[in-house]
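One structure is given here, and the rest of the page talks about it.
Number of protein chains: 2
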Amino acid sequence: MTIFSEGTAVSPLGEGRYRARLTEAFGFETKPGGPVVLNGGYLMAVLMRAAVAESAHAHPISTAVSFLRPGLPGPAEVVVESRKEGRTASMARASLMQNGEALLDALVTTGTLDPDAKPAYLGEPPAPMPAPEDCPPRGRERAKKGFPAHVDMRFDPAAMGWLDGSPTGRPEMRAHVRLEDGDEPDPYVLALAIDALIPVVANAGFPGWSPTVELTWHLRALPAPGWLTVHGTGRMVSEGWCDEDVEVWDAAGNLVAQSRQLARAARTRG
Amino acid sequence: MTIFSEGTAVSPLGEGRYRARLTEAFGFETKPGGPVVLNGGYLMAVLMRAAVAESAHAHPISTAVSFLRPGLPGPAEVVVESRKEGRTASMARASLMQNGEALLDALVTTGTLDPDAKPAYLGEPPAPMPAPEDCPPRGRERAKKGFPAHVDMRFDPAAMGWLDGSPTGRPEMRAHVRLEDGDEPDPYVLALAIDALIPVVANAGFPGWSPTVELTWHLRALPAPGWLTVHGTGRMVSEGWCDEDVEVWDAAGNLVAQSRQLARAARTRG
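Protein chains in written order, with the numbering used here: chain A, 1 to 270; chain B, 1001 to 1270.
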């Protein structure tokens, strides 16, 4: 069992309740040696496992999440309430709880996707980016634990100049992503990947942490094995609110997931 | 009192419950003389009025909705459950109920926006489109009641060739929108406008009705008086699932709202 599959596993307690144990493996130290705060995509993956376990359908097609409180390593519970059972899609409300408080509230639509589906892609092609071996694994040489140690991210160097004071001026960030432990992409790995990027506003002069307030993402196709490529963009920052869109493409060149989040950002450009 | 303000009004029943009366003024006949099904954006507006009434904040910043069942004219109730009260943002779960069943389940984040905010717009400019007087008010001459009679929509003729068998080939649709009754734009009128377009996939060869399954939208700024301009685009159709993004711009040229929805579409191109 991999760290990710074990760290997102849920066991049924009956009546739509599921027990989970959140692992620090997908967390970040808030300061060296300080408390570990867990990645939002990881928390979504735990919640989605319970929502799908409670459904007659196989896949989480759409997941909308309010992020109420940060999640900490340790015991947690997911509460799932079925709201509609349908032939094509079912809907549920789900909450990830810890110490009696909701960390995440979610609306989850489940359905069953065909692995051999032939999507009609109607949009512009994604921005080209270098292969993973040509993208530096920033910070990984120092990471012995937590998210950077377990999630292999290779950032597009063309959008990383902000590190040296040369942001591109546009809200953008791109990376190849895979799990260190060998998990191949599935809808739960996609949940992690879709919220893994450094905030895109770092490239538009708004530095610092950007906590997610709301994130909605749609599973558009079942992903192929191999690297995932995530493309992040944004449109506007106003009164400390910023939007961020992420598309995830799989190694076969298919658009597999789309998200938009609303997050908090610095109020003024740094 | 206008038809819209009366048709979206809610009165408190205590303990987070609100009474509403859904009006056929924002509905469509499913067939001539047949049952009236209400517009999803209108239903969102009713739900959001109750969510904001229950909050210490003034504006619905983010609203994520699962559309479970169609809404019909007549009595309805909104149930709001506060989940977090914050200085910058508060979160609630809300449901619009009719005859004991949930029509819409929602996650609503409220906050308070500054009407004098100066947004940093970082994206590409919106596609240019003709002024309202140069966009034909399609179908309005025949509409004596329901949504087309109460919502003045002027479609960009460049994206309306699909009506005569000449779709643009891209998922796109654009229109100017205002309420017939004189209501100036506010967050509730934006909820209506953001789900008012003809499905964008009509321009990509997927005809027919496209029921919304999930829609999330963010209020990015308080809108100026005058026409709203809505720009709809999409990326992919697969297994009958399609995405649609809508941006709403106000008469002062500001991006005021962003949405994405996942909807059902025809499985094959017509």
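Backbone N, C-alpha and C fix where the C-beta goes; we use that ideal spot for every residue, glycine too.
In this text the structure is predicted, and so the values were computed from the model without any measurement.
For Thr1233(B), there is no enclosing alpha helix (DSSP H); the residue is part of the beta strand (DSSP E) that begins and ends at Leu1228 to Thr1233.
Within the DSSP secondary-structure output, Arg19(A) pairs in a beta bridge with Ser11(A) and Glu77(A). Rounded to whole angstroms, the gap between the alpha carbons of Asp1183(B) and Phe1206(B) is 34 Å.
For Leu197(A), the number of other beta carbons within 10 angstroms of its own is at least 16, and it is reported as buried. Taken in chain order, the complete beta strand (DSSP E) segments of 3 residues or longer contained in the segment 185 to 223 of chain A are 212 to 219. When Cβ-Cβ separations below 8 Å define contact, Val1010(B) makes no contact with chain A.
Ala1102(B) is positioned such that its CB atom lies no closer than 8 Å to that of Val1080(B).
For Val1213(B), the neighbours in chain A by C-beta distance under 7 Å run, in chain order, Ser62, Ala89 and Thr109. Between Pro1073(B) and Glu1024(B), the C-beta gap is smaller than 8 Å, which places the two residues in contact.
Per DSSP, His150(A) lies in no beta strand (DSSP E); the unbroken alpha helix (DSSP H) holding it starts and ends at Phe147 to His150. If you draw a straight line from the Cα of Val1151(B) to the Cα of Asp250(A), it is about 42 Å long. The residue from Gly253(A), Glu244(A), Val200(A) and Pro167(A) with its alpha-carbon nearest to that of Arg1260(B) is Glu244(A). The beta-carbon of Gln1258(B) is placed less than 8 Å from the nearest beta-carbon of chain A. For Arg1260(B), the uninterrupted beta strand (DSSP E) run begins and ends at Leu1255 to Arg1264, by DSSP. When C-alpha distances from Leu1219(B) are compared across Pro1115(B), Ser1011(B), Ala1053(B) and Leu1022(B), the shortest belongs to Pro1115(B). Judged by DSSP in its simplified three-state form, Glu1180(B) adopts coil rather than helix or strand. Under the DSSP assignment, Met236(A) falls in the beta strand (DSSP E) whose first and last residues are Met236 to Ser238. The beta-carbon separation of Gly41(A) and Leu192(A), rounded to 4 Å, stays under the 8 Å limit for a contact. Comparing C-alpha distances from Cys1242(B) to each of Arg1269(B), Ala1009(B), Leu1222(B) and Leu1113(B) shows the shortest one belongs to Arg1269(B).
Within chain A, the residues Leu122 and Gly123 have their CB atoms less than 9 Å from the CB of Pro1171(B), given in chain order. DSSP places Arg1069(B) outside any beta strand (DSSP E), giving it a letter other than H or E. By the C-beta density criterion, Ser166(A) is exposed, having fewer than 16 other C-beta atoms within 10 angstroms. Burial state of Asn1099(B) is exposed, judged by a 10 Å Cβ sphere holding fewer than 16 other Cβ atoms. The three-state reading of DSSP puts Ser5(A) in helix, counting H, G and I together. At least one CB atom of chain A sits nearer than 8 Å to the CB of Met1236(B). By the rule that beta-carbons nearer than 8 Å mark a contact, Pro1207(B) does not touch chain A. Taken through DSSP and simplified to helix, strand or coil, Leu1113(B) comes out as coil. At the C-beta level, Asp181(A) and Asn39(A) stay beyond 8 Å of one another. In this structure, the beta-carbon distance from Ala53(A) to Val10(A) falls below 8 Å. With a contact defined as Cβ atoms closer than 8 Å, Leu1068(B) and Arg83(A) qualify at about 6 Å.
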